[in-house]
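Engineer: Position 417, counted from 1, in the sequence shown is what the numbering used here calls 448; the numbers after and before it change by one each time, with no gaps. Don't be surprised by glycine CBs; every beta carbon is placed ideally from N, CA and C. Since the model is a prediction, treat every value here as computed from it, not as a measurement. Here it is, the structure, as structure tokens.
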Amino acid sequence: MVMSYAEIAKQPEALRRTPNLGEWADERAGWSWDSVVAELDLPDGLVNQAHECIDRHAAASPDKVAMIWEGSDGSVERYSFDEMRRHSNRFANALAALGIGKAERVFFFTDRIPELYFACFGTLKRGAIIAPLFSAFGPEPVKERIERAEGSVVVTTPNLLPKINAIRSDLPSLRHVIVIAHRAGAEVAPEDLDYQELVRDASEEYEIERTGSEDWSVMHFTSGTTGLPKGAAHVHNAVISHYATGKYVLDLHADDVYWCTADPGWVTGTSYGMFAPWSNGVTNLIYEGGFGASRWYETIARHNVTVWYTAPTAIRLLMKAGSDAARRHDLSSLRYVMSVGEPLNPEGVVWGEDAFQLPIHDNWWQTETGAIMIANYIGMPIRPGSMGRPFPGIEAAIIDDQFQPVDEPMKEGQLALKPGWPSMFRTYWNDQERYDSRFKGGWYLTGDRAKRDADGYFWFVGRDDDVINTAGHLVGPFEVESALIEHDSVAEAGVIGKPDPVAMEIVKAFVSLAAGVEPSERLRRELTRHCRERLGPGVAPREIEFIDTLPKTRSGKIMRRLLKARELGLPEGDTSTLEDD
Ligand code: PRX
């Protein structure tokens with residue numbers, strides 16, 4: 032079904048401004064990354080994401096509000112581009128004084144507070160790498176990630192510090208723990224560093240390190256089917272993609288107030304919570320709190336948010352709260368709503384029309400791609416249920432098992448991208464082999480299955496691996512299985528994504544028990560507690576089912592696909608390699 036823009040969006044507001052992107056096919060034909068580069072400030076081949084996002088705008092419009100921060104308690108703080116520049120300079124100086132140098136890994140394990148953003152940009156100015164972690168992680172995922180990247184510093188808040196203290200002795204690389212304590216009115220222990228004290232004595236001026244396009248900038252961890260999470264490492268050049276997609280997909284204009292609901296612990300929260308809006312010099316709203324339908328609507332109304340980027344799980348929760356909940360607030364400032372991270376059901380697209388008089392625009396990308404690759408653009412007719420069309424500078428294809436492009440419309444295959452866009456990840460930290468395995472036949476393999484229709488719109492089918500997508504966050508089954516089998520009562524564990532009407536999938540574990548251990552409700556609760564303590568609530572299984580034995584291949588690998596097929600009551604497919612069936 033093709034709906035014209037006029038049909039789906041009856042709202043004049045959406046067209047109030049001329050979209051930055053012209054006719055998709057024309058833009059594609061005439062695309063040049065060089066002309067994007069010409070709009071940025073990249074002298075002598077130097078590029079630093081903090082300069083593009085902060086200092087460039089601090090020079091041109093120092094007093095423009097860069098960040099509106101709203102705390103969970105409703106308090107509001109505003110920071111201009113020049114204040115952001117000075118705060119981040121102080122942190123860069125503090126890192127220099129601590130002897131932290133280029134490409135060292137600085138981890139962030141904090142709530143969404145202004146200092147997180149100052150410190151991230153300060154780290155980038157110093158030429159070190161920012162590695163943000165999701166604050167709902169338990170100590171185990173935090174330890175694995177810092178260990179794998181050999182992190183030198185972690186910046187944290189008093190409420191999360193106990194999780195760091197629990198793993199600190201296992202992390203020989205970790206030289207400094209910096210605690211942002213003043214907001215909580217907490218004391219800082221002698222073995223830790225007080226953020227406030229560090230920056231108080233530091234200069235407001237800092238000469239940004241002379242980073243080049245291929246210097247490391249950001250590392251985000253992402254889960255695979257096997258093994259522990261991998262650190263996808265990005266370079267400063269990525270800001271070219273952030274700027275371009277901010278301009279042409281988010282359609283950012285100078286007077287927009289933009290809000291991205293993602294946490295910087297995930298890539299959407301950095302690429303689109305920091306780099307895209309600020310490289311475009313736009314006022315960016317940061318809301319500290321979590322989801323709440325009325326609270327979110329109040330936030331939009333209070334700050335006159337114009338462009339809003341959120342996720343399907345949140346949209347499904349808003350749908351549950353009902354369109355009336357939206358209508359009770361003055362949301363007339365909104366002109367454009369987008370979503371990413373999971374498939375957006377067609378009902379979600381159309382519901383936006385009912386609640387906001389705006390259809391919701393879906394787009395697609397990954398941690399590895401660093402920026403949006405496929406999108407429904409503001410001026411292009413939406414096909415509800417489709418992820419949209421490739422960004423003008425991006426070549427996307429459906430490929431077959433021989434890595435050959437499939438031209439036939441609506442034929443399923445793997446979604447692949449032609450490498451070379453600016454924000455493409457450059458390695459999995461300390462795992463070059465795995466990185467290389469993602470490139471075949473001249474394509475970057477996304478690991479997603481999809482179809483393309485005759486007009487070039489892409490339709491998501493599913494993942495090509497066992498990674499679970501729960502509320503837009505990827506969880507590797509291996510991490511959860513490892514935590515389960517650490518428990519004395521557990522012999523084996525197999526973990527799958529079980530479909531869920533709100534979160535798309537929830538983490539479900541099948542567990543076989545050690546000899547002599549009997550299944551019980553009490554044990555189930557005990558295993559849940561064990562996993563939540565180690566992994567955190569976002570990763571721990573929501574359901575645990577006891578089974579006698581797990582289906583395995585003859586080589587002893589647990590067949591998660593079979594567990595999933597059985598769970599869904601689907602045909603079991605090829606079971607010829609099954610151990611003893
Ligand atoms: O499976 C796809 C799904 O999320 C994966 C990327 O997750 P992550 O690396 O955490 O990156 C988050 C930044 C978006 C993809 O491989 N995904 C993402 N967007 C969509 C999606 N699935 C369907 N539709 C989407 N729009």
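Does the beta-carbon distance from Met418 to Ile391 come in below 9 Å?
Structural biologist: no
Engineer: Closer than 8 Å: is that where the CB of Gln80 sits relative to any heavy atom of ligand 1?
Structural biologist: no
Engineer: Using only alpha-carbon positions, find the residue among Arg555, Phe165, Met411 that is nearest to Thr49.
Structural biologist: Met411
Engineer: So Leu448 and Tyr488 are supposed to be a Cβ contact under 8 Å. How far apart are they, rounded?
Structural biologist: That belief does not hold up - the Cβ atoms of Leu448 and Tyr488 are roughly 16 Å apart, past 8 Å.
Engineer: Which partner residues does Leu617 have in the DSSP bridge list?
Structural biologist: Outside the modelled stretch of the chain, which goes from 32 to 612, sits residue 617, for which no answer is possible.
Engineer: Classify Tyr279 as helix, strand or coil using the three-state DSSP reduction.
Structural biologist: helix
Engineer: Pick helix, strand or coil for Phe122, following the three-state DSSP scheme.
Structural biologist: helix
Engineer: What does the alpha-carbon distance come out to for the pair Gly258 and Val548?
Structural biologist: 28 Å
Engineer: So, helix, strand or coil for Phe322, using DSSP?
Structural biologist: coil
Engineer: If we count the other Cβ atoms within 10 Å of its Cβ and call it buried at 16 or more, is Ser254 buried or exposed?
Structural biologist: buried
Engineer: Sorted by chain position, which residues of the same chain lie with C-beta nearer than 6 Å to Thr337's C-beta, five sequence neighbours on each side aside?
Structural biologist: Asp287, Val288, Ser364, Arg366
Engineer: Hey, how far is the Cα of Thr580 from the Cα of Ser543?
Structural biologist: 6 Å
Engineer: Buried or exposed, going by whether 16 or more other CB atoms sit within 10 Å of the CB of Glu464?
Structural biologist: exposed
Engineer: State yes or no: is the C-beta of Glu378 nearer than 8 Å to some heavy atom of ligand 1?
Structural biologist: no
Engineer: Going by C-alpha to C-alpha distance, which of Glu510, Ser520, Val521 sits closest to Ile527?
Structural biologist: Glu510
Engineer: Short of 7 Å in beta carbon distance, which residues of its chain neighbour Arg117, apart from the five on each side in sequence? Order them along the chain.
Structural biologist: Glu235
Engineer: Ile39 to Glu238, Cα distance in whole Å?
Structural biologist: Interpretation of Ile39 is limited by its pLDDT of 40, a score under 50 that renders its predicted location unreliable; no figure is taken from the coordinates.
Engineer: Out of Ala481, Lys482, Leu594, which has the shortest C-alpha to C-alpha gap to Asp497?
Structural biologist: Leu594
Engineer: Find the nearest neighbour of Gly132 within the set Asn315, Trp247, Ile144, Leu77, judged by alpha-carbon distance.
Structural biologist: Trp247
Engineer: In the stretch 40–82, which residue ranges form an unbroken alpha helix (DSSP H) of at least 4 residues, counting only runs that do not cross its ends?
Structural biologist: 55–60, 64–70
Engineer: Spatial neighbours of Ala534 within its chain, please: C-beta separation below 7 Å, excluding the five flanking residues on both sides.
Structural biologist: Thr344, Thr501, Ala502
Engineer: Could you check which residue in Asn124, Ser354, Val185 has the C-alpha nearest to that of Arg199?
Structural biologist: Closest by C-alpha distance to Arg199, out of Asn124, Ser354, Val185, is Val185.
Engineer: For Leu601, count neighbouring Cβ atoms within 10 angstroms of its own Cβ and tell me buried if that reaches 16, exposed if not.
Structural biologist: exposed
Engineer: Please determine if the stretch 306–313 and the stretch 87–95 are in contact, where contact requires at least 3 C-beta pairs separated by less than 8 Å.
Structural biologist: yes
Engineer: Any contact between the stretch 459–473 and the stretch 379–398? By contact I mean 3 or more CB pairs, one from each, below 8 Å.
Structural biologist: no
Engineer: Assuming Gly405 and Asn394 form a contact by the criterion Cβ under 8 Å, report the distance between their Cβ atoms to the nearest whole angstrom.
Structural biologist: One point to set straight first is that residue 405 is Ile, not Gly, in the sequence displayed. That pair is a contact at about 6 Å.
Engineer: Indicate whether Ser244 and Val78 have their beta-carbon atoms separated by less than 9 Å.
Structural biologist: yes
Engineer: Evaluate Ala264 with the Cβ neighbour count: other Cβ atoms within 10 Å of its Cβ, from every protein chain shown; 16 or more gives buried, anything less gives exposed.
Structural biologist: buried
Engineer: When you compare each of Asp294, Pro189, His518 to Phe322 by their alpha carbons, which one comes out closest?
Structural biologist: Asp294
Engineer: At 3 residues or longer, and completely inside the stretch 197–248: list those beta strand (DSSP E) runs for me, N to C.
Structural biologist: Correct list: 207–210.
Engineer: Taking C-beta to C-beta, are Arg136 and Glu70 nearer than 9 Å?
Structural biologist: no
Engineer: Between Met590 and ligand 1, is there a pair consisting of the residue's CB and a ligand heavy atom that are separated by less than 8 Å?
Structural biologist: no
Engineer: Does the Cβ of Glu552 lie closer than 8 Å to at least one heavy atom of ligand 1?
Structural biologist: no
Engineer: Enumerate in chain order the residues of its own chain whose CB-to-CB distance from Phe112 is below 7 Å, with the five nearest sequence positions on each side excluded.
Structural biologist: Ile85, His88, Ala89, Ser92, Pro93, Lys95, Ala97
Engineer: Would the beta-carbon of Gln435 be found less than 8 Å away from any heavy atom of ligand 1?
Structural biologist: For Gln435, the Cβ stays outside the 8 Å cut-off from all heavy atoms of ligand 1.
Engineer: Please report the residue range of the alpha helix (DSSP H) in which Asp393 lies.
Structural biologist: Element bounds for Asp393: not the alpha helix (DSSP H) but the beta strand (DSSP E), 391–395.
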